[in-house]
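Visitor: Respectively, the protein sequence lines represent chains A and B. Residue 47 in this note's numbering sits at position 47 of the first sequence, with consecutive numbering throughout. Residue 240 in this note's numbering sits at position 240 of the second sequence, with consecutive numbering throughout. Built from N, CA and C at the ideal position, the CB exists for glycine as well.
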Amino acid sequence: MAEAVVSAAASTPSLAVPAPLPVRAVLPWAFFVGLLALIALYFVGAEQGATSVFAGTDVHEWVHDGRHLLGFPCH
Amino acid sequence: MHASTVRSLLVRGMLAGLIAGLFAFAVAYVVGEPPVNGSIAVEEAQAAQEAPAAHAAHSGHGGDAAAEPAEEEGISRSAQSTFGLATGVLVYGVALGGIAALAFSFALGRVGRFSPRATAALTAAAAFTTVYLVPFLKYPATPPAVGNPDTIGKRTTLFFLMILLSVLLGVAAVIAGRRLAPRLGNWNATLAAGGGFIVVTAIAFAVLPDNTDAVAAGFPAALLWEFRVASLAVQAVMWAVFGIVFGALAQKALAARTAATDTKVQLGAPAAG
Ligand SMILES: [Zn+2]
């Protein structure tokens, strides 16, 4: 049984049910990339609307059409 | 080794998000820009009509309404509808592609007997539902001219709160479904978890305040519908393409690693299994 699985995997990797990745291998990436991604989404979805990191309206105006069409509240 | 697997999935997720963003941009440009331009035309017609009255009524207010058409002049409409639109949609695609790849890394091998490709499709469907569709049903996308600038703070808070709530409820439903599976079987456990998600979401819809941003009385209903369908199309295409592309990339990446591991197992001591 085990041999059949191994030889099948070696010839054509089928990956019927892959083993889970350990949570501690995912967590550091989740914190680091998750934070960067949320900051990027903030600039697309909310900057210079309800709150502003930068003065003016240039960021808001630049992503304006995307903000409306992606579903964010805009103006 | 696992950390490098996560890293390679993350890179593929962001790449798939970029490709999905390109497709979504095409839809946004072709289907979304006509109703956006139509709404801006309505907005300008309303502003022109209200201008003399607004002058008298809002003179002590800093001139919010009067500043609105002027602020559009900083960046031209042709830039907004091309490079600006592309920036917004592509950054959204890459950022959510990265987050979805992380969600996939947690879900892989934990949500049932699914291949990487099937897990990617399920992750994309869950992300579309919880990040866009459910919040959209409570607080639908609004075209330019509909919103009241005075309520943007409240509307933004409620919208992001709805996304957070919907994602947390989705995760809770998946965990509950896995807990129930040994007792109810996979099919009934999935139905129970899905039903629970819908019931709790409906309660949240009833409890959360309505969109304070009522559509202006004179705004054309057909134009509003056209805009909302376009918004739905942009997001549906984004997540469909992401699921397909990321599924193919993840399947390939994980197959290569599994093949390498299997070769090691074959050469070394026979692993218990
Ligand atoms: Zn706007």
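Which chain B residues are close to F54 of chain A, counting only those with a beta carbon under 9 Å from its beta carbon?
Guide: Result: empty, since nearest Cβ-Cβ is about 13 Å, beyond 9 Å.
Visitor: Could you check which residue in A:P20, A:V17, A:A19 and A:V26 has the C-alpha nearest to that of R7 of chain B?
Guide: Nearest C-alpha to R7 of chain B: A:V26.
Visitor: 8 Å is my cut-off, CB to CB: does E61 of chain A come that close to chain B?
Guide: Closer than 8 Å to some Cβ of chain B, the Cβ of E61 of chain A qualifies, so yes.
Visitor: Nearest by alpha-carbon distance to L10 of chain B: which of A:A19, A:P18 and A:F31 is it?
Guide: Considering only alpha carbons, the answer is A:F31.
Visitor: What does the alpha-carbon distance come out to for the pair V207 of chain B and G153 of chain B?
Guide: Looking at the two C-alpha atoms, the distance is approximately 19 Å.
Visitor: In angstroms with no decimal places, state the Cα-to-Cα distance between I163 of chain B and L169 of chain B.
Guide: Cα-Cα distance, rounded: 10 Å.
Visitor: Strictly by DSSP, which residues pair up with E47 of chain A?
Guide: Paired residue(s): A:T51.
Visitor: I'd like to know whether the C-beta atoms of A127 of chain B and A100 of chain B end up nearer to each other than 8 Å.
Guide: Contact: yes.
Visitor: Using alpha carbons as the reference points, say which of B:F159, B:I40, B:S4 and B:K252 lies closest to V134 of chain B.
Guide: Cα-wise, what sits closest to V134 of chain B is B:F159.
Visitor: Is the beta carbon of V245 of chain B closer than 8 Å to that of A26 of chain B?
Guide: For A26 of chain B and V245 of chain B, no; Cβs fall outside 8 Å.
Visitor: Between P144 of chain B and ligand 2, is the CB less than 7 Å from at least one heavy atom?
Guide: Ligands present in the displayed structure are limited to ligand 1, and ligand 2 is not among them.
Visitor: For G97 of chain B and V91 of chain B, what's the separation of their Cα atoms in angstroms?
Guide: One C-alpha to the other measures close to 10 Å.
Visitor: Quick one, which of A:H75, A:A40 and A:L70 has its alpha-carbon nearest T57 of chain A's?
Guide: Looking at the Cα atoms, A:H75 is the closest of the given residues.
Visitor: Name the residues in the segment 74 to 87 of chain B whose C-beta lies less than 7 Å from a C-beta of chain A; which are they?
Guide: Within the segment 74 to 87 of chain B, the residues whose Cβ lies closer than 7 Å to some Cβ of chain A are G74, I75, Q80, S81, G84, L85 and T87, listed in chain order.
Visitor: Could you list which residues in chain A have their beta carbon closer than 8 Å to that of T123 of chain B, in chain order?
Guide: Here the premise fails: no neighbours, minimum Cβ distance about 13 Å.
Visitor: Verify the contact flag: H68 of chain A, CB atom, against every heavy atom of ligand 1, threshold strictly below 7 Å.
Guide: Under cutoff, so the answer is yes.
Visitor: Taking the straight line between their C-alpha atoms, what separation do you get for L224 of chain B and S231 of chain B?
Guide: The straight-line gap from Cα to Cα measures roughly 11 Å.
Visitor: If we ignore side chains and look at the alpha-carbon of each, how far apart do G112 of chain B and R178 of chain B end up?
Guide: The alpha-carbon atoms of G112 of chain B and R178 of chain B are separated by roughly 8 Å.
Visitor: Just to confirm before moving on: does the CB-CB distance between L102 of chain B and G34 of chain A stay below 8 Å?
Guide: Yes; because the gap between Cβ atoms is below 8 Å, this pair is in contact.
Visitor: Count the other C-beta atoms from every protein chain shown that fall within 10 angstroms of the C-beta of T156 of chain B, then say buried if there are 16 or more, exposed otherwise.
Guide: That one is buried.
Visitor: Helix, strand or coil for H60 of chain A per DSSP?
Guide: Of the three classes helix, strand and coil, the one that applies to H60 of chain A here is helix, per DSSP.
Visitor: Apply the 10 Å Cβ neighbour rule to A222 of chain B and answer buried if 16 or more other Cβ atoms are within range, or exposed otherwise.
Guide: Burial call: exposed.
Visitor: Output the boundary residues of the alpha helix (DSSP H) element that contains Y132 of chain B.
Guide: Run containing Y132 of chain B: none; DSSP gives neither H nor E here.
Visitor: Could you check what DSSP says for I99 of chain B in three-state terms: helix, strand or coil?
Guide: It is helical.
Visitor: By how many angstroms is the C-alpha of Y42 of chain A removed from the C-alpha of G13 of chain B?
Guide: Roughly 19 Å separates the two Cα atoms.
Visitor: When you compare only the Cα positions, how much space is there between A250 of chain B and E50 of chain B?
Guide: Distance between the alpha carbons of A250 of chain B and E50 of chain B is about 55 Å.
Visitor: Counting only Cβ pairs nearer than 8 Å, list the residues of chain B close to L35 of chain A.
Guide: Per Cβ cutoff of 8 Å: no residues; L35 of chain A is ~10 Å from chain B at best.
Visitor: Enumerate in chain order the residues of its own chain whose CB-to-CB distance from F114 of chain B is below 7 Å, with the five nearest sequence positions on each side excluded.
Guide: So the list reads L122, once near-sequence residues are dropped.
Visitor: How about H64 of chain A: is its Cβ closer than 7 Å to a heavy atom in ligand 1?
Guide: Yes.
Visitor: Between P143 of chain B and P209 of chain B, what straight-line distance do the alpha-carbon atoms span, to the nearest angstrom?
Guide: Their backbone Cα atoms lie some 20 Å apart in a straight line.
Visitor: DSSP three-state label for D210 of chain B, please.
Guide: If DSSP states are grouped into helix, strand and coil, D210 of chain B belongs with coil.
Visitor: Going along chain A, which residues have a C-beta under 7 Å from A95 of chain B?
Guide: Within 7 Å Cβ-Cβ: A37, A40 and L41.
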